[in-house]
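At position 820 of the sequence shown the residue is numbered 820 (the UniProt record's numbering), and the sequence of numbers has no breaks.
Cβ atoms here follow ideal geometry from the backbone N, Cα and C, with glycine treated the same way.
As structure tokens, the structure follows; a few thoughts come after it.
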Amino acid sequence: MGGCASKDKKDKVVDGDAAANATENTADDTMVDAAVLTKLEEGFAKLAASDSKSLLKKYLTKEIFDNLKEKKTPTFGSSLLDCIQSGLENHDSGVGIYAPDAEAYTVFADLFDPIIEDYHGGFKKTDKHPPREFGDVNCFSNLDPNNEFIISTRVRCGRSLQGYPFNPCLTEAQYKEMEEKVSSTLSGLEGELKGKFYPLTGMEKAVQQQLIDDHFLFKEGDRFLQAANACRFWPTGRGIYHNDNKTFLVWCNEEDHLRIISMQMGGDLGEVYRRLVCAVNEIEKRLPFSHDDRLGFLTFCPTNLGTTIRASVHIKVPKLAANKAKLEEVAAKYNLQVRGTRGEHTEAEGGVYDISNKRRMGLTEFDAVKEMNDGIAELIKLEKAWFMDGETSDQRLQHHCNPPEYINMDELFKKTGVEYFQINADDYENDNVLQELRKKRNYSYEDEITCSEKCLPDYANKLISFFIEHLHTDEEIRLVLDGSGYFDVRDAQEKWIRVAVTKGDLIIIPAGIYHRFTLDVNKRTLIFRKFAIMTLIVETIPTTIFDDQKPGTSGLRKKVKVFTQVNYTENFIQCVLAANGSSLKGSTLIVGGDGRYYCKEAIAIIIRICAANGVCKLLVGQNGILSTPAVSGLIRHHKALGGIVLTASHNPGGPDNDFGIKFNCENGGPAPDTVTNHIYQLTNAIKDYKIVKDLQVDITKVGIHTYTIDNQQEFVVEIIDSVENYVKCMKEIFDFVKLRQFLSGETTGKPLRILIDSMNGVTGPYVREIFLNCLSALEDGVVHTRPLPDFGGLHPDPNLTYAKDLVQTVANGEYDIGAAFDGDGDRNMIVGYKAFFVTPSDSLAVIAHHLGCIPYFQKHGIQGFARSMPTAAAIDLVGQKLGREVFEVPTGWKYFGNLMDAGYLCLCGEESFGTGSNHIREKDGIWAVLAWLSIMQDTGLSVEDILKQHWSTYGRNYFTRYDYEECELQSCNDMMAYLEKTICDLSFVGREFTAEGKSYKVKMADNFSYTDPIDKSVAIKQGIRVLFEDGSRIIIRLSGTGSTGGTVRLYIDSYEKDNILGQASIMLKPLINVALEISRLPQFTGRSAPTVIT
């Protein structure tokens, strides 16, 4: 675009002294190219015709333009275009000009000087910048000791290294040389400045992510810098240094050679300034800075010349911000610059502004910081309160005295006893100030009041009554959640003081003081949160026994109508808590569920009963939503006593369908038989339960609620983001960067087409956050992601029957992989291109074979494997090849927990679409899908090719499962008794059965039992097994996961070493017929076909 970026002379260097002595270009080789002149003329014409408010347009007159357009700097050949090309391309620039090298300030002085004078408050071309003077670094103190307004404080300065040009004229070799010098210098800092330098070139992903999380990582320049040609050879020569405390930061070759930054949370300007001065002095001892006697320290942008000091705060000024013009008027009085939260060219986020000193020239460093200090102090003062005039006109006006007489909050408290606090209204339940107030003053009751014509009955008369002065016998506490208005209080001298309140203001008016309230002229709806003291009392309620509360393998499952019987849920929850004995008192529990019908009502009961039974803290998913895997992870993360999971898993939901309550222990896994048996014993002996009836908690908003029970016990209910902890866990397990690149096609040249069905269950929010937000999948790649009480009429069981819509859609050939999850998110189904079905047994085996491609297992190693007894033995073959032990356990995820806790295994699964690892103690549907995507990314193969490759290595276990749901329970028990008797007959072993021309000879048969190798507990009667001499198996068992009747599950497993591409239904048909013959299932149940075939 201009001279210095391509000029042969660009390898030369120049220091600040050369800038002062630069002269006009006279040699032929300094002539401006015709193309550059054309671009200048075109750009100038467009700028002149635009509505740009930039300083460039203001001072680039036609006369100055014509005078400068053919000039160049002598050393680097920088033209006028190099200086102004950013402003020509970006008419929304505030300034619009940069110095490509130090000489530009002299060669193009006719343009730079008036812009500098305008921006820096009258620094004329005849003025001389004063010598450096940091002043008394201990002069400044904390501007906001109560942390009411200032979020963070930062003081930074820019420095250019002596002997080098600015960014547009730097060569790649110079970038590298400078980076080496800077890195070496900073690495020698000691004390609180000691830290580490991180080059952007070759930066590791983990380091990059940490710097992003810390908001330290700068990106390639914005369009303004890009247009100024300031981003050449990116990221060569760029780097970041920060100290160990992350309060001191240096950017190398971002906009200037160095940006030296001191920062910390809060308003302690004195501490921040002292650290910066110390750092600048230490660095200058090792690296000389470019300085000009007239302009001060030289920088790329003329706005940073002189002191280069920018002292700033991130501050909330909601009252002044409501009138942006007024805010800027006050700021201008103190030479302050108001920017958006993220700096220049950005908007304020959440009412937070970046406010800094504007002047950098014509004053010392100390004076520049003092201007910011004094201006911010005044802004805070204006936010407080003021004495009112005596006018009786419109009560909604501000009613300032003439002249205005302000009063700060300390003075207000001394005069009236009124207290004022700033609260985060968007997250008030988690606000530390409010939590402390609640605890200190025992606020145990709250209500919400909306002042609007629509919501407030008798609105007009109510507003009149609010403004009639009155007093209360109790203190009045109001937090403004939205809107604005005024509280007026009368002091001892009978003067009225007006306190403006807006979103986030909490005001406490003591008892016995006259006050009144009015809305302001904004006419906005005002929403108050009202707090009061209310005693929460534990009550003991007599009850009667329900004899059907025996938990199954996954907790207690019944129809909703059963749980809604009087005291039914209360009884069971009381017994779950009581089963924990003395460990319950002072404990933390996790509570959440799949969002099915009755979930929120059950949570309300759980909260009240936990409060009455000595539980210290509950972590409850927002809106009651927590997937079963998420609950397990939260238990482990918070070292909680356990968790109460509200789910009936894959069973249908709604008022006429199923509900369930399950308890997970402190390891995060389902309660073992010893605990569930104890719970059942307690349900058969319960006489009463304890409850705090008046306790009400809003679970729709994330926040912390603190209560005092019986005037002594503190009880905390924290409503947490349902997905945050789980997503963080997944990011620690999998390489999200690689997965995102794989899904987008960045690494393969072709995007991966995925279709994920949450079946209106709990995984919806998790799927959206992980696959859409984190992995950048397309919106149409996820369906049914809104958790619904009745799952939208779907049966949330991820199999070929109930997820048929997904299967049919993928079968059309538009997707590379499809996945579905059950109601509570622990089960999954995988299908490949054109709905190539992956059996859960094969899925488990494939993941086992490829575990090494997942970062979590690279870090923690691969231990043993395990499967439930009915699951096909495909993983056994993987274990044999890898030299890993494989455990066979009864159905029920709780049987894997002890083995994981003992370090015996890292991967396990069940044929019922459950797969998981030792990151938690539950099966995990989303984890399994991410594992499959990782395998696809690592191998470059499709789902089908991965399976075929696996079978060619290990052989194939043909497998199917027949489910006969809601059979008459007695008939099911009769069938199982018949089978028990049949297999116990000594003549059964060796007996031969024939079907479809194929014969099977019985090798052994039993009712499976299991002895836990860790705690030696025994589980018996876990399912009838018939094993044949060719390795085939038949398994028949009754499921404990249904809510009514009996569910018979028939499992068929046949291994083939060579015939691996047959059709499963054909390959298994003979053995299915043998199973029906042996069991006499059709005769006992009256069923001629299963409900579900997998």
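In terms of CA proximity to VAL989, ALA1005 leads the group LYS981, ALA1005, SER999. A straight line joining the alpha-carbon of HIS242 with that of LEU249 spans about 4 angstroms. Here LEU536 is not near TYR406, since their CB atoms are 8 angstroms or more apart. Minimum Cα-Cα distance from LEU743 among the listed residues THR801, ASP938, ASP594, LYS558 corresponds to ASP938. If the five residues before and after PRO1082 are omitted, its C-beta is found closer than 8 angstroms to the C-beta atoms of LEU1076, SER1088, all from its own chain and listed in chain order. Per the DSSP secondary-structure output, ASN281 pairs with nothing in a beta bridge. In this structure, LEU276 sits near SER262, with a CB-CB distance shorter than 8 angstroms. Between ILE513 and GLN264, the alpha-carbon positions lie close to 40 angstroms from each other. In this structure the segment 47-54 touches the segment 92-109; the number of beta carbon pairs closer than 8 angstroms is three or more. Contact check between the segment 645-661 and the segment 549-569: three or more CB pairs, one atom from each, fall below 8 angstroms, which counts as touching. Within the segment 322-366, the complete alpha helix (DSSP H) segments at least 4 residues long are 324-333, listed from N- to C-terminus.
Per DSSP, GLY158 lies in no alpha helix (DSSP H) segment; the continuous beta strand (DSSP E) that holds it begins and ends at 150-159. Taken in chain order, the whole beta strand (DSSP E) runs of length 3 or more contained in the segment 529-585 are 539-542, 556-559. Close CB contacts of ASN725 within its chain, under the 8 angstroms cut and outside five residues either way in sequence, are with ALA630, GLY633, LEU634, HIS637 (chain order). Nearest to GLY642 by alpha-carbon distance, out of GLY595, ALA579, LEU695, is ALA579.
Taking 8 angstroms as the cut-off, the Cβ atoms of ILE709 and VAL538 count as close. Inter-residue distance for LYS196 and ALA311 is about 24 angstroms (C-alpha atoms, whole angstroms). When C-alpha distances from CYS616 are compared across ASN623, GLY593, SER582, GLN622, the shortest belongs to SER582. Boundaries of the beta strand (DSSP E) harbouring TYR707: 703-709, taken from the DSSP string. In this structure, the beta-carbon distance from VAL838 to LEU947 falls below 8 angstroms. Only residues of its own chain outside the window of five on either side were considered, and among them ILE355, SER356, ASN357, LYS358, MET372, GLY375 have a CB closer than 7 angstroms to the CB of LEU336, listed in chain order.
Annotated three-state conformation of ILE1035 is strand, per DSSP. Relative to the Cα of ASP292, the nearest Cα in the group ASP110, SER484, TYR105 belongs to TYR105. Listed in chain order, the non-local C-beta contacts of GLU769 below 6 angstroms within the same chain comprise VAL723, VAL727, local neighbours out to five positions each way being set aside.
Ranked by Cα distance from CYS610, the options VAL576, GLU968, LYS923 are led by VAL576. With respect to the 8 angstroms criterion, THR1085 and THR960 are not classified as neighbours on the basis of their beta carbons. Straight through space, the alpha carbons of ASP924 and GLY879 are spaced by roughly 21 angstroms. The C-alpha of GLY417 lies about 36 angstroms from the C-alpha of ARG339. Just measuring C-alpha positions, the residue of GLY202, ASP213, TYR597, GLN565 sitting nearest PRO235 is GLY202.
In the three-state DSSP reduction, ALA102 falls in the coil class, being neither helix nor strand. Rounded to whole angstroms, the Cβ separation of ILE691 and ILE644 is 15 angstroms, and the two are not in contact under 8 angstroms. Scanning the segment 693-761 for uninterrupted beta strand (DSSP E) segments of 3 residues or longer gives 703-709, 713-720, 754-757, listed from N- to C-terminal end. Counting C-beta atoms within 10 angstroms of its own C-beta, ILE449 has fewer than 16 neighbours from the protein chains shown and is therefore classed as exposed. In the DSSP annotation of this structure, the continuous segment of the beta strand (DSSP E) that includes ALA819 starts and ends at 817-821. Taking C-beta separations shorter than 7 angstroms and ignoring five residues to either side along the sequence, the partners of LEU806 in its chain run LEU755, ASP757, GLY818, ALA820, following chain order. Closest in alpha carbon position to GLU1029, among LEU1071, GLY1045, VAL1048, is LEU1071.
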